[in-house]
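Inspection log for the structure reproduced underneath, given as structure tokens.
Residue numbers (the numbering used here), protein chains in the order written: chain A, 243 to 690; chain B, 243 to 690.
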């Protein structure tokens, strides 16, 4: 890498061209991203045209925009011709209006129509992921004809390994892999060989569900149909791998009280990170007013028993941890399609039993800890009554926390919200208030 | 599904066979899992043999063990013959020793040798994922010979779409796709067409890194080589999709203070859930002793200023949220390979600036909240000194929390630990103690 940068700076273009020829388009894209527009375009022009277009498709949107700014109209037209339809639609979605207009102007009218069609599908839907460049077959073709058809038209297809069989009205009636074609006799017909139990998704399907279908059925491509089972396009597994990474990142960001972004961390600006993080921090901080009010309400009890304060952080953290264990388990199970809303009573039943086990164990352990560690070793002199109050609170808090933690993501899903938001930070804020109420409630009734 | 269960109960085997023939092997596996051993084996015997073996490979380990228990030796032998090598090795890894012994006894000796070889690779390494059933080509083959070779040997291969070219000493020297073969002239040679810039991984590579290579280069299969670049086997993209789901689930479980498991939630027993959750809960509860001690140490200050207690939960939660935002961001970036340990100073610099922005915003917002909401609206009568103390504490806590949150995962990675453990619960426990020390420190110096 260092060496390549040096070659660029020393303008050794001949040597550079040789080195670039040995590189993979993905790595070339990585290299282009490290240069500014002027230098990047020099590199770009040293590449064979198809490699250049392929490398362009792997650039991040910022680098794509920069490069488009310095490309000639002809160069841009060539890139657009080579891009697959789904990549072209993604590109236009990311570009500012002015750039998108220029890009579309350099695109072949037929392609432009398809791209505009793809752009109409909602973001994150199967429709927004599909490409129209698939191998279409007819049931009355022979194996030989099908293979010849693939040979003739295969160059521009996203994958040639699965052929999609449609009838006259474009209804999807079967799929046939190149593997089956190669292993069959030349005279057999596509109709006799094709798999008619076709797994497909609707254009409106969410991309997370699309990823689940790929994972469940071990597919390399999945056909997308409209509401009348007409074949619109296909989604390929390489896009699904990217989606899975992106969905996971988004879920984790939401679970940690951040607004999701798909920009890599080191390339995200400080103010963007700030904007991503501050909204939930503010909201959660203000909602802690409730815990403050609860404490103020019990101020008299507290001033006569300051010893109670020492256990507050432990109680709140334990409650928060228990709640986030349950919520993260349910959030992940929802994302994998293992749990649905109708399982809510099974989930509650399970969490109730787990929380009883956890609660009793933690209460007993804490009682022993107070007697042995706090009193004997550290000499903190915690009274037996306080110890009992703390342990009873643990038991109640754990149960409540696990129940809140497991139900909120399910309810969120039911209401059409993203369950991932119902993770640790949100649960903690609720559980804090509840555990303090329980704590002071038990304490005042015991110490009265 | 309901209908199929009824057919089994009414022993309508003819109708059942018809229905099963229309189903996909993955869905048949799902159906088999809902039955007990006796009924499952009846269904299993109604299936065509290859479908039966394929469905078997999709069963979860518990169902596989149950079914093996009721299969005859001959049936078991047939299943093992049909399983691909990586699935066979996975099966043996999951089965108890007695069952594994019986399975191996019914396996062809040549296969047994390969399986034993695969079982030697460490769990979660590329070696443990690979299968030896790939298409091997030689550089001097013509396109026609290569296609004929694939036709003859393709039936048992995991994928036929990529051929791997090796020299006499089994060194991997090139790859060639069926797409390229189909689009080329019959007389061209494999050597002239093959891609020599081969992307491969070592047998010792971690499965998370393997998934990253697939995501980066949009592959459908990846060759695995030993330390001398000899081709050992290949990993296919369908396995990678499963690994990505599994790795994500494990990461999220660790981030929520649970021991990882790959068993679906609704099929996990209560005691297993308990065992998965209680260790971290206990550890974190006991480590809260430190916060307890800090509070006890400032008991005198507290008893004269009980008002301070009311802000403790808010301060601890805000600190915890800030810390987990930073830690989750870094954990995810590490998992995606976007950030490495050597970036530690860039990360710290970025987080420092973000935390200053967040800290100042939160402190100012909190000051206004105390004046307007707490004092004016709720009439809690918070003194100006307390308000200043709280706001200064927020600023310090946010900065410390973000720094702790971003450095611990990096340090964990450097020490060979899993960074995912350094998420919210762990960070919160540390940040709690720090924020209380800061709070009481500032409070005593202001209120003295």
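Here a beta-carbon is modelled for each residue, glycine too, at the ideal position from N, C-alpha and C. Bear in mind that the values here come from a model prediction, so they are computed numbers and not experimental data.
Check the C-beta distance from residue i over to residue j and give it rounded, since I have them as a contact under 8 Å.
i, j, result
"residue 669 of chain B", "residue 591 of chain B", "Wrong, their Cβ atoms sit about 20 Å apart, outside the cutoff."
"residue 375 of chain A", "residue 326 of chain A", "6 Å"
"residue 380 of chain B", "residue 420 of chain B", "About 16 Å; that fails the 8 Å criterion."
"residue 389 of chain B", "residue 425 of chain B", "Their Cβ separation, rounded to whole angstroms, is 12 Å, which puts residue 389 of chain B and residue 425 of chain B out of contact at 8 Å."
"residue 636 of chain B", "residue 597 of chain B", "Wrong, their Cβ atoms sit about 11 Å apart, outside the cutoff."
"residue 533 of chain B", "residue 556 of chain A", "7 Å"
"residue 677 of chain A", "residue 558 of chain A", "6 Å"
"residue 464 of chain A", "residue 408 of chain A", "Actually they do not touch by this definition, with Cβ atoms about 16 Å apart."
"residue 309 of chain B", "residue 283 of chain B", "6 Å"
"residue 320 of chain B", "residue 295 of chain B", "7 Å"
"residue 336 of chain B", "residue 303 of chain B", "4 Å"
Over what stretch of residues does the beta strand (DSSP E) that includes residue i continue unbroken?
i, result
"residue 377 of chain B", "377 to 379"
"residue 255 of chain B", "No beta strand (DSSP E) contains residue 255 of chain B, which is instead part of the alpha helix (DSSP H) from 255 to 263."
"residue 464 of chain B", "463 to 467"
Assuming contact is defined by CB atoms lying nearer than 8 Å, are residue i and residue j in contact in what I supplied?
i, j, result
"residue 346 of chain B", "residue 334 of chain B", "yes"
"residue 494 of chain A", "residue 573 of chain A", "no"
"residue 360 of chain A", "residue 331 of chain A", "yes"
"residue 428 of chain A", "residue 367 of chain A", "no"
"residue 648 of chain B", "residue 593 of chain B", "yes"
"residue 289 of chain B", "residue 328 of chain B", "no"
"residue 467 of chain A", "residue 611 of chain B", "no"
"residue 274 of chain A", "residue 285 of chain A", "yes"
"residue 462 of chain B", "residue 392 of chain B", "no"
"residue 482 of chain A", "residue 453 of chain A", "yes"
"residue 301 of chain A", "residue 487 of chain B", "no"
"residue 402 of chain A", "residue 377 of chain A", "yes"
"residue 373 of chain B", "residue 324 of chain B", "no"
"residue 538 of chain A", "residue 552 of chain B", "yes"
"residue 688 of chain B", "residue 543 of chain B", "no"
"residue 515 of chain A", "residue 588 of chain B", "no"
"residue 655 of chain A", "residue 576 of chain A", "yes"
"residue 526 of chain A", "residue 563 of chain B", "yes"
"residue 480 of chain B", "residue 480 of chain A", "no"
"residue 673 of chain B", "residue 561 of chain B", "yes"
"residue 624 of chain A", "residue 616 of chain A", "yes"
Would the C-beta of residue i count as close to the ligand FMN, meaning under 7 Å from any of its heavy atoms?
i, result
"residue 627 of chain B", "Although the ligand FMN was asked about, the structure shown includes no ligands whatsoever."
List the endpoints of the continuous alpha helix (DSSP H) containing residue i.
i, result
"residue 669 of chain A", "666 to 689"
"residue 473 of chain B", "It is not in any alpha helix (DSSP H) - residue 473 of chain B instead sits in the beta strand (DSSP E) that spans 473 to 478."
"residue 459 of chain A", "449 to 459"
"residue 308 of chain B", "303 to 312"
"residue 565 of chain A", "554 to 577"
"residue 502 of chain B", "Here residue 502 of chain B belongs to no alpha helix (DSSP H), and DSSP marks it neither H nor E."
"residue 327 of chain A", "327 to 336"
"residue 324 of chain B", "315 to 324"
"residue 299 of chain A", "291 to 300"
"residue 434 of chain B", "432 to 435"
"residue 269 of chain A", "267 to 275"
Interface residues of the region 266 to 284 of chain B facing chain A [CB-CB below 7 Å]: 266, 268
Got a sec: which bits of the region 577 to 599 of chain A sit with their beta carbon under 7 Å from any beta carbon on chain B, in order along the chain? 578, 580, 581, 585, 588, 592, 595, 596, 599
What are the residues in the region 647 to 668 of chain A lying within 9 Å of chain E by C-beta distance? Protein chains in the displayed structure are A and B, and chain E is not among them.
For the region 325 to 340 of chain A, which residues have a CB atom closer than 7 Å to at least one CB atom of chain B, in sequence order? none
Contact residues within the region 622 to 633 of chain A, judged by C-beta distance below 8 Å to chain B: 622
Mind listing, in chain order, the continuous beta strand (DSSP E) runs of no fewer than 3 residues lying wholly within the region 353 to 424 of chain A? 377 to 379, 404 to 408, 414 to 419
Looking at chain A, which residues of the region 505 to 526 of chain B have a Cβ within less than 8 Å of any of its Cβ atoms? 506, 507, 508, 512, 513, 515, 516, 519, 520, 522, 523, 524, 526
Residues within the region 670 to 682 of chain B neighbouring chain A, beta-carbon criterion of under 9 Å: 670, 671, 674, 675, 678
Which residues, taken in chain order from the region 417 to 437 of chain A, show a beta carbon closer than 8 Å to some beta carbon of chain B? 420, 421, 424, 425
Below 8 Å between beta carbons is the criterion; list the residues of the region 463 to 491 of chain A that meet it against any residue of chain B, in chain order. 479, 480, 482, 483, 484, 486, 487, 490, 491
Residues from the region 381 to 410 of chain B in contact with chain A, defined by Cβ distance under 9 Å: 389, 392, 393, 396, 397, 399, 401, 402, 403
Segments of 4+ residues assigned as alpha helix (DSSP H) that fall wholly inside the region 572 to 650 of chain A: 586 to 611
Residue ranges of each alpha helix (DSSP H) run of no fewer than 4 residues wholly in the region 508 to 544 of chain A, ordered along the chain? 512 to 529, 531 to 539
Residues of the region 353 to 384 of chain B with Cβ closer than 9 Å to any Cβ of chain A, in chain order: none
Using a Cβ-Cβ cutoff of 7 Å, what residues of the region 539 to 561 of chain A are near chain B? List them in chain order. 541, 544, 545, 548, 551, 552, 553, 554, 555, 556, 558, 559, 560
According to a CB-to-CB cut-off of less than 9 Å, which residues of the region 604 to 619 of chain A neighbour chain B? 604, 607, 608, 611, 615, 616
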